[in-house]
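A quick write-up on the structure given underneath.
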Amino acid sequence: MKVLKFGGSSVGSSERIKAVLSILKQVYSKEKKFAVVFSAFQGVTDKLEIIAKLAADGNKSYLEELNELREKHIDIATKLPCDPEKLTESINVLLNELENLLKGVNLLKELTPRSMDYIYSFGERLSCAIITESLKHSGIECGFLDARKLIRTNDKFGKAEVDFTASNKLITEFFNKTDIVQIVTGFIASSENGISTTLGRGGSDYTASILGAALNAEEIQIWTDVDGIMTADPRKVVDAHSLKAVTYEEASEMSYFGAKVIYPPTMKPAMDKKIKIRIKNTFNPNARGTVIVEREPEVKFNAKGISSIDDVSIIRVSGNAMPGIEGVSARIFSALARDRIKILLITQGSSGISISVALFPGEAAKAMNALREEFKLEIYENRIETELIENLSMIAVVGEDMLDTPGITGRVLQSLGRNGINVIAVAQGSSQLNISLVISRSYLSKALNALHSALFLDRRKILNLFLIGPGLVGSSLLEYINARYKDVKKDYSTRLKIAGIANSKKMVFDKNGVELNNWKDILDNSDTKSEVEQFISKMKEMNLPNSIFIDCSGRGAIAPYYRDILDASISVTTPNKVANSGSYQNYLTLRETAARRNVRFEYSANVGAGLPIISAISEMVRNSDKITRIEAVLSGSLSYIFNRFRNEEKISQIILDARKAGFSEPDPRDDLNGLDFARKMLILIREAGFEFEPEDIKVENLIPQDMQNITNAEDFMNSISDMDDHYKNLKKKAEEKKGRLCYMGSFDGKKAAVSLECIDNTHPFFSLDGSGNIAAIYSDRYHDNPLVIQGDGAGARLTATGIFADILKISNYLGLTYG
Numbered sequence: 019m020k021v022l023k024f025g026g027s028s029v030g031s032s033e034r035i036k037a038v039l040s041i042l043k044q045v046y047s048k049e050k051k052f053a054v055v056f057s058a059f060q061g062v063t064d065k066l067e068i069i070a071k072l073a074a075d076g077n078k079s080y081l082e083e084l085n086e087l088r089e090k091h092i093d094i095a096t097k098l099p100c101d102p103e104k105l106t107e108s109i110n111v112l113l114n115e116l117e118n119l120l121k122g123v124n125l126l127k128e129l130t131p132r133s134m135d136y137i138y139s140f141g142e143r144l145s146c147a148i149i150t151e152s153l154k155h156s157g158i159e160c161g162f163l164d165a166r167k168l169i170r171t172n173d174k175f176g177k178a179e180v181d182f183t184a185s186n187k188l189i190t191e192f193f194n195k196t197d198i199v200q201i202v203t204g205f206i207a208s209s210e211n212g213i214s215t216t217l218g219r220g221g222s223d224y225t226a227s228i229l230g231a232a233l234n235a236e237e238i239q240i241w242t243d244v245d246g247i248m249t250a251d252p253r254k255v256v257d258a259h260s261l262k263a264v265t266y267e268e269a270s271e272m273s274y275f276g277a278k279v280i281y282p283p284t285m286k287p288a289m290d291k292k293i294k295i296r297i298k299n300t301f302n303p304n305a306r307g308t309v310i311v312e313r314e315p316e317v318k319f320n321a322k323g324i325s326s327i328d329d330v331s332i333i334r335v336s337g338n339a340m341p342g343i344e345g346v347s348a349r350i351f352s353a354l355a356r357d358r359i360k361i362l363l364i365t366q367g368s369s370g371i372s373i374s375v376a377l378f379p380g381e382a383a384k385a386m387n388a389l390r391e392e393f394k395l396e397i398y399e400n401r402i403e404t405e406l407i408e409n410l411s412m413i414a415v416v417g418e419d420m421l422d423t424p425g426i427t428g429r430v431l432q433s434l435g436r437n438g439i440n441v442i443a444v445a446q447g448s449s450q451l452n453i454s455l456v457i458s459r460s461y462l463s464k465a466l467n468a469l470h471s472a473l474f475l476d477r478r479k480i481l482n483l484f485l486i487g488p489g490l491v492g493s494s495l496l497e498y499i500n501a502r503y504k505d506v507k508k509d510y511s512t513r514l515k516i517a518g519i520a521n522s523k524k525m526v527f528d529k530n531g532v533e534l535n536n537w538k539d540i541l542d543n544s545d546t547k548s549e550v551e552q553f554i555s556k557m558k559e560m561n562l563p564n565s566i567f568i569d570c571s572g573r574g575a576i577a578p579y580y581r582d583i584l585d586a587s588i589s590v591t592t593p594n595k596v597a598n599s600g601s602y603q604n605y606l607t608l609r610e611t612a613a614r615r616n617v618r619f620e621y622s623a624n625v626g627a628g629l630p631i632i633s634a635i636s637e638m639v640r641n642s643d644k645i646t647r648i649e650a651v652l653s654g655s656l657s658y659i660f661n662r663f664r665n666e667e668k669i670s671q672i673i674l675d676a677r678k679a680g681f682s683e684p685d686p687r688d689d690l691n692g693l694d695f696a697r698k699m700l701i702l703i704r705e706a707g708f709e710f711e712p713e714d715i716k717v718e719n720l721i722p723q724d725m726q727n728i729t730n731a732e733d734f735m736n737s738i739s740d741m742d743d744h745y746k747n748l749k750k751k752a753e754e755k756k757g758r759l760c761y762m763g764s765f766d767g768k769k770a771a772v773s774l775e776c777i778d779n780t781h782p783f784f785s786l787d788g789s790g791n792i793a794a795i796y797s798d799r800y801h802d803n804p805l806v807i808q809g810d811g812a813g814a815r816l817t818a819t820g821i822f823a824d825i826l827k828i829s830n831y832l833g834l835t836y837g
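If you count the sequence shown from 1, position 427 lands on 445 in my numbering, and the numbers rise without skipping.
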């Protein structure tokens, strides 16, 4: 025999009830005897409470509210298969009884818990009466069963305690005498004297469990509006998914900490009889759901879910004198117990100078008064002080064998730390079932998503990307990600989601990810004007986990905001050299901020586009290899120009061709003046561990002195042939020395220069061709033969791959994987 339960969301309208009838017909086709527990129709229990309070306040509008309730039930009933006149009469009989009761409450201006429980009972009595008649008209032989006849409780109205001995006897005797389906009222019961009681809000689950345990049911099914117990609240965690199975203990922990799928007391009767509970979705009946079963000892730890209590407060009792005061802990707990204040979490340092307790906010003020009264002498003597911390949330990571699984607590704390989320209190109980944490309420959604990504390794992880500057490089990156994303869905474990894009005119945001197939149209059609400060503000406001800011703007206007972005626990990656080539103090500040906020600042595309020059130098320094000298060609434009200049061509024509082919900046002077090259060289010197300022690099301007005063770009291009004779002479002198011209950077450990040099065939750069970049790095380890890194070092596509590599570095740092 099975016991099924349908909650209020499953019977919120006539259409939903019809779906339930369809489910029950399928069950009835396979077995003729089972029990179905129903809650009141959705919203009715709350409505009854409102009506009762209005009546007790002497507000005659309770009659209007009661009439609305009457109309709701009649409207639902008449849309179901039934005898409408007969069912309307039954509804009116019940509601007339309720009206008479409410008139008494209104006259006395008194609403006792006992009266409230009786008023509550009408919700389930109405829903079950309507559904029973509808099932009969649908061909299912069934009877209406008022649970007050079978479930006995004490008289603690509002949340009565069940007398299982008496209840089990009544339940078994009744069901042994019937062979038809029973439609049972959930939530309500009665005392030994026959007075109506309730089992607590959510108690319909409990009713089903009580019946199932008494009848040794094959299975208890809880039908609700989700596909089972979820790994996290899907309204807060985008990648939450249903679990196949959990243990009774895990389900209890998750429901206690905010998972609303099942009422906490439900587990006990079923667990005692080892009856499995299955959570099913009324709106998706074919979904497998979640089964709650007894623990199998051979099954090792598996994180089952992340639950949260959105709003909690902490009271901290502290003082250097506390270790010398006898029984402080006992006095704290006794004071709170006297006022029946529920404690959610307790933490105490080994020094004993501070004890913190987490509470529901509604009890915080009462708890503070109780503790101040208890310790009034110690507070007066300044030996103890109490502090209330509000606007907090509590998270519980639930799963078996927490204490016996190395690294779980570390993984939890690390995932929060790397998203800039500070843990205010943490507790791990001896039950081995959960790790509980208290954080600022403003970070709750971000924390839940970060933890979910870190713990559920079988699911795809998400990086939230915010990009400014979808020009040549930025658009190439988006195209590259889009091309890879098709593979990501199939083969990769990390999903790259573009949560925000901005160009110089407009910006657009989407927490679910901007569609990359038509991002240009989406951005063009946006109504939001692009403002850097507003973009950054919105990015911080969205507060998404694993966020990365990408600056592809090519402008220096964004760099001053990097520190603010990093300080908001958002990682940064950029091909833009401005931030790293400014003052050395700013260079250090950005790294210190990233380290302090536990995020990453990656910029491998600053030098050599996709070449691993920066990463190679950084790795050498990390491995204690002292770099003594650096030589490099770091401009694809200048490399292209001087590599072609070995042939019988004029330098002016080569520059024109480089500009036309996109190898140089639109204004070639931005390459020829050597400043961009010098910035790249400066970054390498700093990465090698040297304190260097921009002015410490000697830069040779390749534009002849008599042409440096030309202000207009077109005027310069019209005069570019004036450079030919100058460079022809330089080339001739180099050839006389059996060498070639190479514009290169050099650093000897003290001095640095970017200049045009003559190199012979013994130099590592002599064979450099095309627009390639090259770096020769000398160190204690690479003393005679330098470490040489060579390859294409220019172009939007290559730069995009360098940025993509940085994104993956950040992903790995955050504990995520790719591929």
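Glycine included, each C-beta is placed from N, C-alpha and C at the ideal position.
Non-local beta-carbon contacts of R815 in its own chain, meaning distances under 7 Å to residues more than five positions away in sequence, involve S494 in chain order. For I240, the three-state secondary structure derived from DSSP is strand.
The Cβ atoms of L87 and V62 lie closer than 9 Å to each other.
C-alpha of A53 to C-alpha of H91: approximately 23 Å in a straight line. For G161, the uninterrupted beta strand (DSSP E) segment begins and ends at C160 to L163.
Checking the DSSP bridge columns, you'll see A53 partnered with V21 and Q200. Of S682, Q60 and V123, the smallest CA-CA separation from N77 is found for V123. Cβ-Cβ separation between V55 and K23: approximately 4 Å, consistent with a contact (criterion under 8 Å).
The shortest C-alpha to C-alpha distance from D243 to any of G654, I69, G307 and G757 is the one to G307. When the five nearest sequence neighbours on each side are left out, the beta carbons in the same chain lying within less than 6 Å of the beta carbon of K298 are those of Q239, W241 and G307, in order along the chain. Here the C-alpha atom of M741 lies approximately 10 Å from the C-alpha atom of D724.
Straight-line spacing of the CA atoms in V532 and L514 works out to 11 Å. The C-beta distance from Y138 to I206 rounds to 7 Å, short enough to fall under 8 Å. Residue range G221 to A232 is occupied by the alpha helix (DSSP H) that includes L229, with no beta strand (DSSP E) assigned at that position.
For Q726, no beta strand (DSSP E) run applies, since DSSP gives it neither H nor E. With respect to the 9 Å criterion, G820 and G628 are classified as neighbours on the basis of their beta carbons. Excluding its 5 nearest sequence neighbours in each direction, R581 has C-beta neighbours in its own chain below 7 Å: T607, L608 and T611, listed in chain order.
Beta bridge pairing from DSSP links E408 with no other residue. A residue is called buried once 16 or more other Cβ atoms fall within 10 Å of its Cβ, and T780, having fewer, is exposed. Considering only V617, N719 and K751, the residue with the shortest C-alpha distance to K827 is V617. Distance from the CA of A385 to the CA of L362, rounded to the nearest whole angstrom, comes to 13 Å. With 16 or more other CB atoms across the displayed protein chains lying within 10 angstroms of its CB, N661 is buried. For I828, the enclosing alpha helix (DSSP H) begins and ends at A814 to Y831.
In this structure, the straight-line span from the alpha carbon of N727 to that of A575 is close to 26 Å.
Under DSSP, no beta-bridge partner is assigned to S789. Using a Cβ distance threshold of 9 Å, I371 and N338 count as a contacting pair. For I413, the secondary structure class from DSSP, reduced to helix, strand or coil, is strand. Between the alpha carbons of S587 and I457 lies a distance of about 15 Å. Secondary structure at C100: coil, using DSSP grouped into helix, strand and coil. By the neighbour-count criterion, in which 16 or more other beta carbons inside 10 Å mark a residue as buried, R166 falls on the buried side. By the neighbour-count criterion, in which a residue is buried when 16 or more other Cβ atoms sit within 10 angstroms of its Cβ, I669 is buried. The C-beta separation of T404 from V335 comes to about 5 Å, placing the pair in contact by the 8 Å criterion. Here the alpha carbon of S270 sits roughly 53 Å from the alpha carbon of S522. Where Q671 is concerned, the enclosing alpha helix (DSSP H) starts and stops at I669 to A679. With contacts defined by Cβ atoms closer than 9 Å, I568 and T592 form a contacting pair. The beta carbon of N467 sits closer than 6 Å to those of V255 and P563, all from its chain and outside the five residues before and after it, given in chain order.
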